[in-house]
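Everything below concerns the one structure shown next.
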RNA sequence: GUGGAUGUGGCCUAAUGGUUAGGGCACCUGACUGUGGUCCAGGCGGCUGUGGGUUCGAGUCCCAUCAUCCACCCCA
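Numbering (our numbering), first residue to last: 1026 to 1450.
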C-alpha cells in the first residue's frame, strides 16, 4: 500500500462499479424528467448558518455531523449535509416564487456528514433529492412519494416497505408533545437513560428508540396521528386516500418521527432489505415552515432524499441486471513505423465517422491482439508490412474464431460501419 | 463519541516461535517466420499496517498506535 489512503469514510468509485452508477443516474434522471421535475445544481458548500438555521441547532447533523471550516476570507463554510436547505436558499435567492406553482426541482450529488462509517454509511456519499415547492395540497406529498416509488420500481426493488406518519404542525404538535411527555413521566422507571434524556432535548425521538425495555412503553404511547388538528388530519386523510386509491402499499408507522427540525405533517421513509443495519434508503416529508424561516415568503413544500450508495448496495444484493458500459468496437494493431502512421490516420478516420476505436500503443503483434481480446472490441484491424505493400488492412472478427479478411485501406471505415450497422439491427 | 472484530504483494490466501515469507488470481513477456481466448514456461511485485517489547530467534507472543470492517447513537 502506498503512503496515502483515502480519508475515512470516503470511497473510490472504480471503473468496475461505474455501470451501476451510470444506470442509477440514468434511471433517476429519466423518472424525474418524466414527472416534470427540473434539475438544479447547487454549491457543494454553503455558509454554515444556512444549515444551523435550516436543519436545526438541536439536530444530530448540526451538533456533530457537519464538515465546517473557515475559508481564507474568514467566512464560515459547511459542506452540504443535505440538499433541502440549499434548494430553499436558491429558491429564495433566485426569486423562483414567481414561477408557476408548483416548482418541482431535483438534484443529484455528493453530501457530507462527519460520522463513523459502517455498512451503507459514508462521510461523503450521494443523494438524489426532489422537492415540490409552493403547494399545500396533499397532491404535492403524493407526487414526491410516487416519484420515490417509481424510481425503486424501475430498479426492480424487492422487499420494499413504505413507512408513513404525520408529525403534525405548530398548531397541534406542542399539545401532543405534552401528552407524550406526561405519559413518559408515568413510566420513567421503565425506560432507558437515553430516552429520559430525550424527553427534555427531543421528545419525539423517544418513539424510535430501539432499547428492548422501551418497546412496551412505546407500544402504549399516545399516537400523534390520533391527536392531529383538523387541518393536519384532513391533509393526512386525503394523502392516504390517494395512496389507497392507487393501491400503493404503505405502513402507518406511529414511531416514524425523523431527525430534522423542519418537518411538518407528512413524514415518510422507504426501507429495504440486505444492506445491514441501515434499512432506510429514502426519507422525506413536508416542511411548510422552512422557507419562511430562511427569509423567504411563507411557502409550503415537500420533498425527499434517497441515498445512492444504499440503492446500489441493494441492487448488488438483489443482483439487479445492469447493462455493461459500451466499449469501442474497433482495436487497431500495427507493426512498424510506417504502418503506425497509417494506423493513426485510420484511427482518427474511424472516430470521425462515429466509430469507437482504440490503438495498440506497445508490444508485439501477439500481445497487441491479446490486448484487443481483453479490451473486448468486436473487430481487430491489423496493419503490418504485408498490408502496407498491398494497401490493405487485415480485419479480424474477434468473435468469429480465426477467420479474417483483407479490405482495401480506403474502404475499411465504410466496411466496419456497414458491419456494425448490421450487428445492431 | 462508545463497543467488538480484523490487518501477509493490486485481490484472495499458506506458513507447530526456527533457513532467503509459499501459492492462486490478475498483470507483463515468451512458445521457429506477423495473429487473441485454453494449455505451457518465465517474469514483475512483500522492510508480513506502523512503532516498541519479550526471545538466541517474531508474520506467529505482549503493549501501543494507525487503518479497515461491523454494531450502537443517528441517519441516506
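Just so it is clear, CB atoms sit at the ideal spot from N, CA and C, and this is done for glycine as well.
- DSSP, reduced to helix, strand and coil, places residue 1132 within a strand of the structure shown.
- Residue 1446 has no beta-bridge partner at all, per DSSP.
- The alpha carbon of residue 1128 has as its nearest neighbour, out of 1110, 1446 and 1062, the alpha carbon of 1062.
- The closest CA to that of residue 1138, considering only 1090, 1318, 1316 and 1344, is found on 1090.
- Pairwise C-beta distances place the stretch 1269 to 1283 out of contact with the stretch 1110 to 1127, as fewer than three of them are shorter than 8 Å.
- In the three-state reduction of the DSSP assignment, residue 1372 falls in the helix class, which pools H, G and I.
- By the Cβ neighbour-count rule, residue 1251 is exposed, with fewer than 16 other Cβ atoms within 10 Å of its own.
- For residue 1359, the pairing in a beta bridge is given by DSSP as 1408.
- Scanning the stretch 1195 to 1220 from its first residue to its last, no whole beta strand (DSSP E) run of 3-plus residues comes out.
- In the three-state DSSP reduction, residue 1279 falls in the coil class, being neither helix nor strand.
- With fewer than 16 other Cβ atoms from the protein chains shown falling within 10 Å of its own Cβ, residue 1094 counts as exposed.
- Taking each of 1049, 1174, 1401 and 1107 in turn and checking the Cα distance to residue 1297, the smallest one comes out for 1174.
- Counting only the Cα atoms, residue 1034 lies some 29 Å from residue 1178.
- Per the DSSP secondary-structure output, residue 1072 pairs in a beta bridge with 1102.
- Exclusion of the five residues before and after residue 1215 leaves 1242 as the residues of its chain whose Cβ lies within less than 6 Å of its Cβ.
- When the beta-carbon positions are compared, residue 1191 and residue 1076 stay at least 8 Å from each other.
- Distance from the CA atom of residue 1043 to the CA atom of residue 1361, rounded to whole angstroms, is 36 Å.
- Residues 1242 of the same chain have their beta carbon placed closer than 7 Å to that of residue 1212, with the five preceding and five following residues left out of the count.
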